[in-house]
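**Q** Have a look at this one before I ask anything.
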Amino acid sequence: MKVKALGIVAGALIATAPFVSFAAGLPAPFEGSSTLQAEGVVKSVDYAKHTVTVFDARGGEASLDITDTHNLAQIKPGGKVHIRMMRNAMISVTRGAGGQGAMAPNSQPDANPNVAEVQAIDHASGVMALKGAGGSVFHIQGRDPVKLANVKPGMQVSVAFAPQVSVAVAPAE
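Structure representation (structure tokens):
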């Protein structure tokens, strides 16, 4: 009987975990997006498969599946291109700047690649600078800047990225 009761309590705790940040007085989860922009030189183009292989400034090579194909016909091997990758995300504050929050006591921001610390935030535009695993800094644009009103530097957030990435390529000028 005690084992069954513990199972019910554990299940209830797991089911309510997404609401812990809100209940702990932390800002509610919000939607945003991350955009990466880069320049490169085209190695090859497969117009049928919508893929472009490019070299970056350091000679690194990447093959990209292009989802926004309206400029694809203009892309030629040897040409310079501008690449834009955008990914949606759901952001949840897990710990406040003062240390209060819902993270497990032994959690470390660098132990989970999806946990980051808010370094800076522009409340007018909704852009946050986040420091992630290994010290890398990336930016998230909040969809609704009003929902970011109580987000402050020093808070820890969990970022759940959508599996789809939107990739566009255009000739560089």
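Counted from 1, the sequence shown has number 66 at position 81 by the working numbering; the numbering is strictly sequential.
The C-beta atom is built at its ideal place from N, Cα and C for all residues, glycine as well.
All figures in this text were calculated on a predicted structure; none of them were measured in a lab.
Between residue 59 and residue 137, what straight-line distance do the alpha-carbon atoms span, to the nearest angstrom?
**A** For the purposes of this step, residue 59 is taken as the residue at position 74 of the sequence shown. For the purposes of this step, residue 137 is taken as the residue at position 152 of the sequence shown. Roughly 44 Å between the two C-alpha positions.
**Q** In terms of residues, what are the limits of the beta strand (DSSP E) holding residue 36?
**A** Position 51 of the sequence shown, counted from the first residue, corresponds to residue 36. Where residue 36 is concerned, the enclosing beta strand (DSSP E) stretches over 36 to 40.
**Q** With a threshold of 6 Å on Cβ separation, who are the neighbours of residue 22 within its own chain once the five nearest residues in sequence on each side are excluded?
**A** Within the sequence shown, numbered from 1, the residue matching residue 22 stands at position 37. Excluding sequence neighbours, residue 22 sits near 69.
**Q** If you draw a straight line from the alpha carbon of residue -11 to that of residue 73, how long is it in whole angstroms?
**A** Mapped onto the sequence shown, residue -11 falls at position 4. Mapped onto the sequence shown, residue 73 falls at position 88. Reliability of the predicted coordinates at residue -11 is poor, the pLDDT of 41 falling under 50, and no value is obtained from them.
**Q** Just to confirm my understanding: we take residue 18, look at its own chain, exclude 5 residues before and 5 after, and list those with CB closer than 6 Å. What are they?
**A** In the sequence shown, counting from the first residue as 1, residue 18 sits at position 33. Once the five neighbours on either side are set aside, the close Cβ partners of residue 18 are 71, 73, 126.
**Q** According to DSSP, is residue 122 helix, strand or coil?
**A** For the purposes of this step, residue 122 is taken as residue 137 along the sequence shown, with counting starting at 1. DSSP places residue 122 in strand when its eight states are reduced to three.
**Q** So, helix, strand or coil for residue 91, using DSSP?
**A** What you label residue 91 is simply residue 106 of the sequence shown in a count that begins at 1. Only weak support is given to the placement of residue 91: the predicted model assigns it a pLDDT of 42, under 50, and the value that follows is read from those uncertain coordinates. Coil at residue 91, not helix or strand.
**Q** Do residue 142 and residue 76 have their C-beta atoms within less than 8 Å of each other?
**A** Counted from its first residue, the sequence shown places residue 142 at position 157. Counted from its first residue, the sequence shown places residue 76 at position 91. Contact: yes.
**Q** Let me know the beta strand (DSSP E) ranges lying completely inside the region 6 to 70, each 3 residues or longer, listed in chain order.
**A** With a minimum length of 3 residues, the continuous beta strand (DSSP E) runs that stay inside the region 6 to 70 are 15 to 31, 36 to 40, 46 to 50.
**Q** Tell me the rounded alpha-carbon separation between residue 116 and residue 100.
**A** Counted from its first residue, the sequence shown places residue 116 at position 131. Counted from its first residue, the sequence shown places residue 100 at position 115. Cα to Cα, residue 116 sits roughly 9 Å from residue 100.
**Q** Specify the secondary structure class of residue 116 as computed by DSSP and reduced to three states.
**A** Residue 116 sits at position 131 when you count from the first residue of the sequence shown. Strand at residue 116.
**Q** What number of angstroms, rounded off, separates the C-alpha of residue 12 from the C-alpha of residue 124?
**A** Here residue 12 is taken as the residue at index 27 of the sequence shown, counted from 1. Here residue 124 is taken as the residue at index 139 of the sequence shown, counted from 1. Taking the straight line from one Cα to the other gives about 18 Å.
**Q** What is the rounded straight-line gap between the Cα of residue 133 and the Cα of residue 149?
**A** Within the sequence shown, residue 133 is the residue found at index 148, counting from 1. Within the sequence shown, residue 149 is the residue found at index 164, counting from 1. Whole-angstrom Cα-Cα distance: 24 Å.
**Q** Here's a check: name, in chain order, each residue in its chain whose Cβ is nearer than 8 Å to the Cβ of residue 35, leaving out the five neighbours to either side.
**A** Residue numbering aside, residue 35 sits at position 50 when the sequence shown is read from its first letter. These residues qualify, in order along the chain: 50, 51, 52, 54, 57.
**Q** Could you spell out the range, first to last residue, of the beta strand (DSSP E) harbouring residue 155?
**A** Against the sequence shown, residue 155 aligns to sequence position 170. Segment 151 to 156, the beta strand (DSSP E) holding residue 155.
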